[in-house]
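Numbering (UniProt numbering), first residue to last: 1 to 318. What follows is one structure encoded as structure tokens, with my remarks underneath.
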């Protein structure tokens with residue numbers, strides 16, 4: 001008999017095909033977010049679980065999860081939806097999918113930078129809504145990207161990939177990280193030992209730090225005040241890094257020229273005021289949404305599960 005694998009969301013076809021070859025799957029028919037109780041019901045006779053961002057994998061979940069489910073693999077790099085301390089206390093292994101989202105997410109960060117700077121949402125709306133009247137010398141003038149200063153908070157794999165791409169735009173790159181990187185990983189960027197030192201150097205600011213007690217709500221009124229007037233913020237990290245009300249106020253006052261956002265606190269129930277702001281470029285959490293990357297994420301999650309079931313070292317254990 002095959003081991004039983006509970007999967008909380010529909011996965012790419014290639015990933016589900018591979019999973020069926022090795023496991024007896026327990027899955028929902030649709031693709032709606034499941035409650036804690038619904039996920040536990042899927043897991044009641046499972047040997048492993050494959051969960052996703054947004055699933056309530058909290059202390060109450062681990063307290064009720066059968067011990068037969070030895071591993072919970074997440075279809076993500078981030079684990080802020082999982083109570084890691086509770087998992088450890090209850091004896092469950094957690095696996096994630098690092099190293100395969102880098103290029104796709106860096107590409108989305110650049111889409112946000114360019115889309116926010118060049119007023120892409122406004123321009124597309126005019127074409128789609130047939131409100132574009134003519135070419136005009138002052139029509140939808142945006143902000144030049146080439147030659148400007150780009151700040152990066154969090155110089156991990158994705159931050160480095162964003163910095164590497166910035167060289168093609170002749171940008172001057174500055175970054176903050178918990179520690180300075182070796183020179184060959186900086187791509188010519190200037191290191192700042194504190195965020196306060198970094199912020200005055202940011203015509204554009206790209207966020208790539210994890211959601212932690214220290215970073216949640218970090219982008220607030222005081223933070224924004226230290227940026228140059230007219231700066232542009234983009235976020236492909238986690239939505240709760242941003243204080244929505246303070247960012248919206250800065251966009252309304254034009255302290256910030258624009259913002260490009262792929263992630264939001266409470267998504268998909270985002271702060272409604274974002275939708276009415278013309279100087280926002282908004283995406284529905286598409287950072288890793290390429291066929292190549294989502295397949296790689298699923299295969300990496302299955303690699304973790306396969307190793308655990310076979311009694312081997314879990315390759316991407318948190």
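For glycine and all other residues, C-beta sits at the position ideal for the given N, C-alpha and C.
Residue from the options whose Cα sits closest to the Cα of residue i
{"i": "residue 167", "options": "286, 89, 245, 110", "result": "110"}
{"i": "residue 197", "options": "70, 43, 225", "result": "225"}
{"i": "residue 267", "options": "13, 33, 183, 128", "result": "33"}
{"i": "residue 284", "options": "174, 134, 105", "result": "105"}
{"i": "residue 179", "options": "229, 153, 72, 201", "result": "153"}
{"i": "residue 86", "options": "58, 113, 99, 70", "result": "58"}
{"i": "residue 253", "options": "234, 278, 289, 269", "result": "278"}
{"i": "residue 238", "options": "49, 219, 47", "result": "219"}
{"i": "residue 89", "options": "158, 258, 107, 61", "result": "61"}
{"i": "residue 223", "options": "288, 113, 246", "result": "246"}
{"i": "residue 221", "options": "213, 248, 240", "result": "248"}
{"i": "residue 143", "options": "158, 120, 159, 157", "result": "120"}
{"i": "residue 260", "options": "41, 122, 20, 102", "result": "122"}
{"i": "residue 319", "options": "235, 230, 241, 232", "result": "With the chain covering 1 to 318 only, the question about residue 319 has no answer from this structure."}
{"i": "residue 81", "options": "265, 206, 11, 5", "result": "265"}
{"i": "residue 65", "options": "37, 216, 129", "result": "37"}
{"i": "residue 118", "options": "29, 140, 51", "result": "140"}
{"i": "residue 233", "options": "186, 271, 281, 191", "result": "281"}
{"i": "residue 160", "options": "244, 72, 176", "result": "176"}
{"i": "residue 115", "options": "262, 296, 128, 156", "result": "262"}
{"i": "residue 53", "options": "307, 288, 308", "result": "288"}
{"i": "residue 230", "options": "216, 187, 27, 251", "result": "251"}
{"i": "residue 312", "options": "8, 291, 71, 145", "result": "71"}
{"i": "residue 199", "options": "7, 150, 169", "result": "150"}
{"i": "residue 306", "options": "19, 7, 9, 1", "result": "19"}
{"i": "residue 16", "options": "300, 315, 316, 188", "result": "300"}
{"i": "residue 29", "options": "8, 316, 293", "result": "8"}
{"i": "residue 255", "options": "228, 270, 174", "result": "228"}
{"i": "residue 125", "options": "276, 297, 184", "result": "276"}
{"i": "residue 2", "options": "31, 47, 158, 43", "result": "47"}
{"i": "residue 274", "options": "216, 135, 243", "result": "243"}
{"i": "residue 172", "options": "183, 185, 190, 182", "result": "190"}
{"i": "residue 292", "options": "217, 169, 13, 42", "result": "13"}
{"i": "residue 174", "options": "206, 158, 182, 184", "result": "206"}
{"i": "residue 320", "options": "201, 217, 302, 127", "result": "For the chain, the structure presents residues 1 to 318; residue 320 sits outside this window and is missing."}
{"i": "residue 170", "options": "24, 271, 188, 182", "result": "188"}
{"i": "residue 68", "options": "74, 195, 93", "result": "93"}
{"i": "residue 74", "options": "23, 286, 35, 6", "result": "6"}
Residue environment, residue i, which counts as buried when at least 16 other CB atoms sit within 10 Å
{"i": "residue 304", "result": "buried"}
{"i": "residue 310", "result": "exposed"}
{"i": "residue 208", "result": "buried"}
{"i": "residue 131", "result": "exposed"}
{"i": "residue 163", "result": "buried"}
{"i": "residue 193", "result": "exposed"}
{"i": "residue 63", "result": "exposed"}
{"i": "residue 97", "result": "buried"}
{"i": "residue 211", "result": "buried"}
{"i": "residue 148", "result": "buried"}
{"i": "residue 55", "result": "buried"}
{"i": "residue 11", "result": "buried"}
{"i": "residue 95", "result": "buried"}
{"i": "residue 156", "result": "buried"}
{"i": "residue 49", "result": "buried"}
{"i": "residue 165", "result": "buried"}
{"i": "residue 258", "result": "buried"}
{"i": "residue 91", "result": "exposed"}
{"i": "residue 269", "result": "exposed"}
{"i": "residue 298", "result": "buried"}
{"i": "residue 127", "result": "exposed"}
{"i": "residue 236", "result": "buried"}
{"i": "residue 136", "result": "exposed"}
{"i": "residue 184", "result": "exposed"}
heavy atom of the ligand SAM below 8 Å from residue i C-beta
{"i": "residue 144", "result": "Absence of the ligand SAM is noted for the structure shown, with no ligands found whatsoever."}
Which residues DSSP lists as bridging residue i, in chain order
{"i": "residue 324", "result": "Because the chain is modelled from 1 through 318, residue 324 falls outside the range shown and cannot be assessed."}
{"i": "residue 191", "result": "175"}
{"i": "residue 317", "result": "95"}
{"i": "residue 242", "result": "219"}
{"i": "residue 338", "result": "Coverage of the chain is limited to positions 1 through 318, which leaves residue 338 absent and any answer about it impossible."}
{"i": "residue 153", "result": "176, 207"}
{"i": "residue 280", "result": "259"}
Supposed contact pair residue j and residue i - C-beta distance, whole angstroms, cut 8 Å
{"i": "residue 318", "j": "residue 102", "result": "Actually they do not touch by this definition, with Cβ atoms about 18 Å apart."}
{"i": "residue 145", "j": "residue 113", "result": "6 Å"}
{"i": "residue 296", "j": "residue 77", "result": "Contact flag wrong, Cβ pair sits at about 11 Å."}
{"i": "residue 26", "j": "residue 42", "result": "5 Å"}
{"i": "residue 31", "j": "residue 4", "result": "Incorrect: roughly 20 Å between the Cβ atoms, too far for contact."}
query = Going along the chain, which unbroken runs of the beta strand (DSSP E) with 3 or more residues stay wholly within the stretch 23-102?
reply = Residue ranges of uninterrupted beta strand (DSSP E) with 3 or more members, entirely inside the stretch 23-102 and ordered along the chain, are 24-27, 48-51, 71-74, 93-95.
query = Of all the alpha helix (DSSP H) runs that stay within the bounds of the stretch 106-139, which reach a length of 4 or more residues?
reply = You should have 120-128.
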